[in-house]
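Chemist: Here the sequence shown stands for residues 28 to 172, where the numbers follow my numbering. Even for Gly, the Cβ is constructed at its ideal location relative to N, Cα and C.
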Amino acid sequence: MVSKNEVRIEELLSRGPDITDGPGIVYAFVIVGGTSRDNALMVKVGATKDWKRRMREWKNQCKGEEHVWLVGIESKYRFLTESCAHIMLENRALERPVVTCEYCGRKHMEKFVMKVKDRFASNVERELIQVIEEAKRRVNTYFGV
Ligand SMILES: [Zn+2]
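(1) Using only the alpha-carbon positions, how far apart do Val59 and Ile156 sit?
(2) Going along the chain, which residues of its own chain have a beta-carbon closer than 7 angstroms to the beta-carbon of Ala148, five neighbours each way excluded?
(3) Do Thr195 and Lys163 have their C-beta atoms closer together than 9 angstroms?
(4) Using beta-carbon positions only, say whether Gly171 and Arg105 come within less than 9 angstroms of one another.
(5) Check whether the region 114 to 121 and the region 78 to 92 touch, using three or more Cβ-Cβ pairs below 8 angstroms as the test.
(6) Would you mind sorting Val126 into buried or exposed? The rule is 16 or more other CB atoms within 10 Å of its CB.
(7) Assuming Val158 is part of the alpha helix (DSSP H), what are its boundary residues?
(8) Looking only at its own chain, which residues have a Cβ that is under 7 angstroms from the Cβ of Leu97, when we skip the five neighbours before and after it?
(9) Which of the three DSSP states, helix, strand or coil, is assigned to Val72?
(10) Kindly examine ligand 1 and report whether one of its heavy atoms sits closer than 8 angstroms to the Cβ of Arg64.
(11) Look up Tyr54 in the DSSP assignment and give the residues it is bridged to.
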């Protein structure tokens, strides 16, 4: 029995990278106070060509929101890897809420609420690294790069 999300990953990979895709960084950060749930953190996973610039952009876009940057993993197809990671994260996250951002007014679709399993929340960072690395491996294997 193949899971629904596995089918979505297969569909994503079979569509292939679009023309804007290419090498870059798939990153993750915590949105401090992003969820009111106990023992949970809200995280965002995104992709960029220029990580430093993207960090500044996020700071300016959602002014007042505090971000703790966790990881940035290089990938040959950053957007495919990002989308693949988003699907995988749905299996692990408590929720994938679509909320209108009180700071920039946009609907951020790529935020996930993750369960915190120890007092340092180290599982969240570990899980994000695991998921992004796994997504990257899937993409690289599929396209033989
Ligand atoms: Zn925002």
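Modeler: With the given structure in hand:
(1) 19 angstroms
(2) Leu68
(3) Absent from the model: residue 195. The displayed extent of the chain is 28 to 172, so no value can be given.
(4) no
(5) no
(6) exposed
(7) 149 to 170
(8) Ala55, Phe56, Val57, Glu152, Leu155
(9) strand
(10) no
(11) Gly73, Gly99
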